[in-house]
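Residue numbers (our numbering), protein chains in the order written: chain A, 1022 to 1557; chain B, 17 to 468.
Right under this line is the structure:
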C-alpha cells in the first residue's frame, strides 16, 4: 500500500531539540534567550551548575571570568572539570566542558581577576544581559554591585557553603508582561457586556428551547439569564454577597429541566453554570496593582528614553480613561464549556473580535506617543501581547546590594531585625552567610577551613558586629556559628546543584522577561530542606 | 612517577579531591543526626560499600548520576529501558546528538565513569519489571526519577514486598530499603523520602497525583470546541477508520509522518467547525501527552533527592519529613510536609485488604471499584479466586483469548461466580509486582427509605 505523504513540513531540528521548553516560554521566549549573554564570575561548582542549565536550553553566549587555577578539591565537586584540568585555568577548563553541552552556544573565558577588570575596563560588563557571581569577597561584592547598578545590568550574587546557600538578585527595574499566573481571572464582562455580546445573549430563551438544545447552552448564557431574572426583583443590582450568589444558584436550579416524575435531568452545562457562580460573577474592575502601575511616574512622565513597557502603560491608561471606560482591554479568551460547537465558536469569535478591536485602539495610542516622543517604534504584536496580559502585569523595583551591605538604610536593618526577633531561622542563616564573608575578608580563609573549634570565637565576633549594626541582641546559642565552622567553607555538590537549577531559572526568567523572578533574596538550607524569600 | 605512587597509597576516601564532603563527614555539628559519629569510615562506606540504584536515566536520572558520583558514591546502578531522542538534549546533559538512538542507561553510565575517576556505575538497559527481587534486594537505597506513575507504583510495590516481619508482626528494620523519589513537570516538582513499611508510600498518597485530563467521547465526536478536540477525534476515531498506513500500523506519536497526517486531518476538521489554532506542536503534545520539561527544575529536584540519599547513607543529618514540593513559576517556592501513612494502605499496611461490596453486585462492580476507588486505582486488573482449592480466572483483560472467555463473567452476580462474604480474590495489575489478595465483605443494600 502506498504511504500517504502529508504535505506539512517536518519541524526543524532546533524546534525538536527545544520542544519541551518551548511549551513553557514559546518561540519568542526562546528568541530572547538566544539573544542573551550571561557572564559568570568564578567557575565554582555552583557557577558551572548555573551555566549548565542555561547552556542546555540554548542561551546565546556565556563568558566566564576566573583567574583561579584548578585544585584537586575543585575536581571533586565540579562536574565540568576532569583530571587533566588540574593546574590549568579554571574558567578556560570549565568553559571547554560546558560548551560540549550545546554547540549553538558561544563561549569566552577571561583570565583576569574581577577587581582588575572593574578598575581597568569597567565597560566590560556593559554588554551582558546578566552578571552572575559566586564566591566573591565582601569588598568586591559591593564595588561590583554598585557598578552594575549604575550601568543597569542585572546581577545575581550566589553563595554555597556546607548545607547552606543563597542568591540575591539585584535589578533596578524589571517589568514582566507574561507572568503566567496559575489562576488567570476569566474576565468575561458579564456585568458590562459589549454590544455584540449583549445582543447575542438576548437571543436565547432558556425556557422555550427543546431538551437537546437546552443541554447545549453555554454556561455563560445561563449565568447571564439567571442574573437578569434576579435583577428584576433586585433593582438591577449586580449580585455580590454570598447570599445573593446563592439566590443565583437557586434560579439556575429552577432552569434545569425535570423528567415526568419531577426529578431534575442531569445537564452538564447547568452543573458548570452552578460551579461558575462564585468565580465568573466577579464584577469587571481595574485591579489596584495595575492602577498603581499605570499612574506611577514612569508611566506618566514619558521621555524619549522611556522603555516600551512604560509607553504601553501610558497608552493603556489613556485607553482606560477614554474608550475603555475604566476597564482593561478584553483578554479575548473563552474557557472551554459544554456547548454546541456553533454556540461556542460564535461566542469565542465575539470575544476575540472585541479584544482585537480594543487592542487596536491601544496600539493607535502607542503610535501617537511614539510619534510625539520620536522614540523607537513598538510592534503591533507587542502591544497585543501587552493588552492580553494587562490584568497580570508585574513590576519589580529592586534595591542595591551595596546599600544592603552597608546596612546603610535603616529600613534594611529594621527589616532584618524584625525577622530575627520572630525568630526566623532562615534569617539567622542569612546573618551567618554574611558573617562568614566578613571572616574570610579578615582572616583570608573560610571559618573552620583548618580547625572548626578554633574559629568559633572569631566567627562569633563577626556575627556580633553585624548584630550590633542592626541593633539586635546576640544569639542566645552558638549552634549556628558552630555549624558554619564545621562546614569550613566546603562546597557540597548537591547543595550547589539545587541552587544552580534555581538560579539558572531565575536568569532565564530575567532574560526572557517571562515568569516572576524571586524578589530579591533566596535562602536555602539543605539540612532541614527549608527555603525562604526575603526582600531587602 | 612519584606522584602516581602517592596516589595509589592513599585510599580513595582519603584523597584530597573529596576534601569538601569529608568536612561534613569527619566533623560533628550541633544539628547532626543523634546517631552520627564523625569518621573517615563513613566516606569509605559510601564509596566502597553503599549500593544505590538510580531508576531512570532521563532528565532526573542524568542529574542524579552526576550528583551522587560527586557526593562520593561509586557503586551506582542505573536502569532505564529508553533510548535517546533529540528532544531529550535540552536537559539530559550526558547525551549528545551522536548518541541519539543509543541506550540512555549505558550512555549516561559511560559518560560519568569516564568523567569521574573511580566511579563504577553499571547500566541496565531494560524495563524495571525485568529485574527480580534478588536484584532489588542488593541495594542500600533506591532513588527514582521516573515520568510514569505506573512504574513508580510497581517499584514501590517491589520494595514493600521485600519487607520482612518478625514473629510479633513488628517490622524487621534491616529489610527496609529507603526509596527517594523525585518528579517534575514544567517549573514544578516534588521530592520525597519513603521508608517502606514505616512512612507513607506511593500508594498511601495516590491522591497527590492530579487526575489525567481526558475529553468525553461525545464532545470529540459531536461538539468539538477546542483544537484538542479535533486532534483527539483524528487520534481516537479517524485513524482506525482510515488506516492510512494499512490496518496493522498503529499511530506512532514519534513518527513525523504520522503526526503530520493527524495534524492535517485535525486541521480539516477544525476548519469545518470554525475552530482555530490547531498547530503541529499542539498536535504532537496531545498525541504523545507531552509534559513540558526544563533543565533547571530537573537539576533542583534531582539535587534535593541526592542530598537525601547522602543523608540516608551517612546519617550526617536527619532526613526531610518527608515530602517537598517545589514551584519555580512565581519566584522560587518550596514547602515540606509530612505525608501521612495510610493505615489501610493496599500495599504497605501489612494487613488483610478488605473490599466492601453489595451482595447482589456484579463482577463488573468489583472491576470498576478496583479501577476507580482511590485505594486501588488499578489500570486493568486481572481477577482470580480459589474455588475448591483450584484457581479460577474470573476476568482478565490483558490476554485477549482469556478476555474473550471471561468477558461474560462481568455481567454475572458475584454470588453466581462462587464468591461469598469473606471470600478472597487475587488481583494482578501493572501497578504492582505482586498479586494483591482482597477479602470481600458483602453488605446488604441499604434501602434509602428505611432510614426515615
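Here a beta-carbon is modelled for each residue, glycine too, at the ideal position from N, C-alpha and C.
Under 8 Å between beta-carbons, which chain A residues line up against residue 87 of chain B? List them in chain order, please.
On the second chain, residue 87 of chain B is found 71 positions in, with the first residue counted as 1. Within chain A, the residues near residue 87 of chain B are 1513, 1514, 1515.
Going along the chain, which unbroken runs of the alpha helix (DSSP H) with 4 or more residues stay wholly within the segment 1377–1449 of chain A?
You should have 1401–1409, 1422–1426, 1431–1442.
With residue 1321 of chain A as the anchor, note down where its alpha helix (DSSP H) starts and where it stops.
The residue labelled residue 1321 of chain A in the question sits at position 300 within the first chain. Residues 1318–1321.
If you measure beta-carbon to beta-carbon, which residues of the segment 1350–1375 of chain A are closer than 7 Å to chain B?
Residues 1357, 1360, 1361, 1362, 1365, 1366.
Counting pairs of beta carbons, one from the segment 312–331 of chain B and one from the segment 59–66 of chain B, are three or more of them closer than 8 Å?
Yes, they touch.
Give the straight-line distance between the Cα atoms of residue 1410 of chain A and residue 219 of chain B, rounded to the nearest whole angstrom.
Here residue 1410 of chain A is taken as the residue at index 389 of the first chain, counted from 1. Here residue 219 of chain B is taken as the residue at index 203 of the second chain, counted from 1. Spanning the two alpha carbons is a distance of roughly 40 Å.
Three-state secondary structure (DSSP) at residue 148 of chain B?
Reading the second chain from its first residue, position 132 is the one you call residue 148 of chain B. Three-state DSSP puts residue 148 of chain B in coil, outside helix and strand.
Name the chain A residues that come within less than 8 Å of residue 308 of chain B, Cβ to Cβ?
Here residue 308 of chain B is taken as the residue at index 292 of the second chain, counted from 1. By Cβ distance, chain A contributes 1041, 1042, 1044, 1045.
Take residue 1440 of chain A and list the residues in its own chain whose beta-carbon comes closer than 6 Å to its own, dropping the five residues that flank it on each side.
Position 419 of the first chain, counting from 1, holds the residue named residue 1440 of chain A. If we look at residue 1440 of chain A and ignore the five residues flanking it on each side, its Cβ neighbours are 1448.
Kindly indicate the opening and closing residues of the alpha helix (DSSP H) around residue 37 of chain B.
The sequence position of residue 37 of chain B within the second chain is 21, counting from 1. Here the alpha helix (DSSP H) through residue 37 of chain B covers 35–42.
If you draw a straight line from the alpha carbon of residue 356 of chain B to that of residue 132 of chain B, how long is it in whole angstroms?
Within the second chain, residue 356 of chain B is the residue found at index 340, counting from 1. Within the second chain, residue 132 of chain B is the residue found at index 116, counting from 1. If I take the Cα positions, the gap works out to 39 Å.
So, does the segment 1317–1333 of chain A touch the segment 1212–1230 of chain A, judging by three or more C-beta pairs under 8 Å?
No: the two stretches stay apart, fewer than three of their Cβ pairs being nearer than 8 Å.
Would you report the Cα separation of residue 1255 of chain A and residue 1276 of chain A, rounded to the nearest angstrom?
Within the first chain, residue 1255 of chain A is the residue found at index 234, counting from 1. Within the first chain, residue 1276 of chain A is the residue found at index 255, counting from 1. Spanning the two alpha carbons is a distance of roughly 19 Å.
Is there a C-beta anywhere in chain B that falls below 9 Å from the one on residue 1066 of chain A?
As a first step, residue 1066 of chain A must be located in the first chain, where it is residue number 45. Yes, contact with chain B.
Quick check: is the beta carbon of residue 1178 of chain A nearer than 9 Å to any beta carbon in chain B?
Residue mapping note: residue 1178 of chain A aligns to position 157 of the first chain, counting from 1. No - not a single Cβ of chain B is within 9 Å of the one on residue 1178 of chain A.
Residue 1471 of chain A: buried (16+ other C-beta within 10 angstroms of its C-beta) or exposed?
Within the first chain, residue 1471 of chain A is the residue found at index 450, counting from 1. So residue 1471 of chain A counts as exposed.
Starting from the C-beta of residue 1244 of chain A, find all residues in its chain whose C-beta is less than 8 Å away, skip the five residues before and the five after it, and write them out in chain order.
If you number the first chain from 1, residue 1244 of chain A lands on position 223. Answer for residue 1244 of chain A: 1211, 1269, 1273, 1294, 1297, 1298, 1301, 1302, listed in chain order.
Compare the C-alpha of residue 1103 of chain A against each of B:112, B:127, B:107, B:123 and name the closest.
The residue labelled residue 1103 of chain A in the question sits at position 82 within the first chain. Nearest of B:112, B:127, B:107, B:123 to residue 1103 of chain A, Cα basis: B:127.
Nearest chain D C-beta to residue 383 of chain B closer than 9 Å, yes or no?
Protein chains A and B are contained in the structure displayed, whereas chain D is not.
Provide the residue span of the alpha helix (DSSP H) that contains residue 1333 of chain A, from first to last.
Within the first chain, the letter at position 312 stands for residue 1333 of chain A. Per DSSP, residue 1333 of chain A belongs to the alpha helix (DSSP H) from 1329–1342.
Mapping DSSP to helix, strand and coil, what is residue 266 of chain B?
Taking the second chain and counting its residues from 1, one reaches residue 266 of chain B at position 250. Coil at residue 266 of chain B, not helix or strand.
Work out the CA separation of residue 1468 of chain A and residue 1510 of chain A for me, nearest whole Å.
Mapped onto the first chain, residue 1510 of chain A falls at position 489. Mapped onto the first chain, residue 1468 of chain A falls at position 447. So the two alpha carbons sit approximately 7 Å from each other.
By the DSSP assignment, the beta strand (DSSP E) with residue 1194 of chain A in it spans what residues?
For this step, residue 1194 of chain A is matched to residue 173 along the first chain. Note, residue 1194 of chain A: beta strand (DSSP E), 1194–1197.
Residue 35 of chain B versus chain A: which residues are under 8 Å apart at the beta carbon?
Numbered from 1 along the second chain, position 19 holds the residue referred to as residue 35 of chain B. Going along chain A in sequence order, the residues near residue 35 of chain B (Cβ under 8 Å) are 1093, 1094, 1097, 1511.
Can you find a CB in chain B that lies within less than 9 Å of the CB of residue 1527 of chain A?
In the first chain, the residue the question calls residue 1527 of chain A occupies position 506. Yes, because at least one Cβ of chain B sits closer than 9 Å to the Cβ of residue 1527 of chain A.
Would you kindly report the start and end of the unbroken alpha helix (DSSP H) that includes residue 1529 of chain A?
To locate residue 1529 of chain A, count along the first chain from 1; it is residue 508. 1514–1533 is the extent of the alpha helix (DSSP H) around residue 1529 of chain A.
I need the straight-line Cα distance from residue 1141 of chain A to residue 1191 of chain A, nearest angstrom please.
Numbered from 1 along the first chain, position 120 holds the residue referred to as residue 1141 of chain A. Numbered from 1 along the first chain, position 170 holds the residue referred to as residue 1191 of chain A. Each residue's Cα considered, the two are about 23 Å apart.
Chain B partners of residue 1201 of chain A, CB-CB under 7 Å?
Translated into positions along the first chain, residue 1201 of chain A becomes position 180. Those are 345, listed as they occur along chain B.
Grab me the residues of residue 1426 of chain A's own chain with a C-beta within less than 6 Å of its C-beta, minus the 5 sequence neighbours each way, in chain order.
Taking the first residue of the first chain as 1, we reach residue 1426 of chain A at position 405. So the list reads 1163, once near-sequence residues are dropped.
On the CB-based measure, 16 or more other CB atoms within 10 Å of its CB, does residue 403 of chain B come out buried or exposed?
Residue 403 of chain B sits at position 387 when you count from the first residue of the second chain. By the neighbour-count rule (16 or more Cβ atoms within 10 Å), residue 403 of chain B is not buried but exposed.
Hey, quick one: how far does the beta strand (DSSP E) through residue 1201 of chain A stretch, first residue to last?
Taking the first residue of the first chain as 1, we reach residue 1201 of chain A at position 180. Neither: residue 1201 of chain A is in no beta strand (DSSP E) and is coded neither H nor E.
Okay, do the segment 347–362 of chain B and the segment 234–246 of chain B touch, 3+ Cβ pairs below 8 Å being the bar?
Contact fails: fewer than three Cβ-Cβ distances are below 8 Å.
Beta-carbon separation of residue 157 of chain B and residue 138 of chain B under 9 Å?
Counting from one through the second chain, the residue named residue 157 of chain B turns up at place 141. Counting from one through the second chain, the residue named residue 138 of chain B turns up at place 122. No, these two residues do not count as a Cβ contact at 9 Å.
Using a beta-carbon distance below 9 Å, is residue 1507 of chain A in contact with chain B?
Translated into the one-based positions of the first chain, residue 1507 of chain A becomes position 486. Yes, because at least one Cβ of chain B sits closer than 9 Å to the Cβ of residue 1507 of chain A.
Taking 9 Å as the cut-off, decide whether the C-beta atoms of residue 1108 of chain A and residue 31 of chain B are in contact.
To locate residue 1108 of chain A, count along the first chain from 1; it is residue 87. To locate residue 31 of chain B, count along the second chain from 1; it is residue 15. No, the Cβ-Cβ distance between residue 1108 of chain A and residue 31 of chain B is not below 9 Å.
So what does residue 1551 of chain A bridge to, in DSSP terms?
Here residue 1551 of chain A corresponds to residue number 530 of the first chain, with the count starting at 1. Beta-bridge pairing links residue 1551 of chain A to A:1546.
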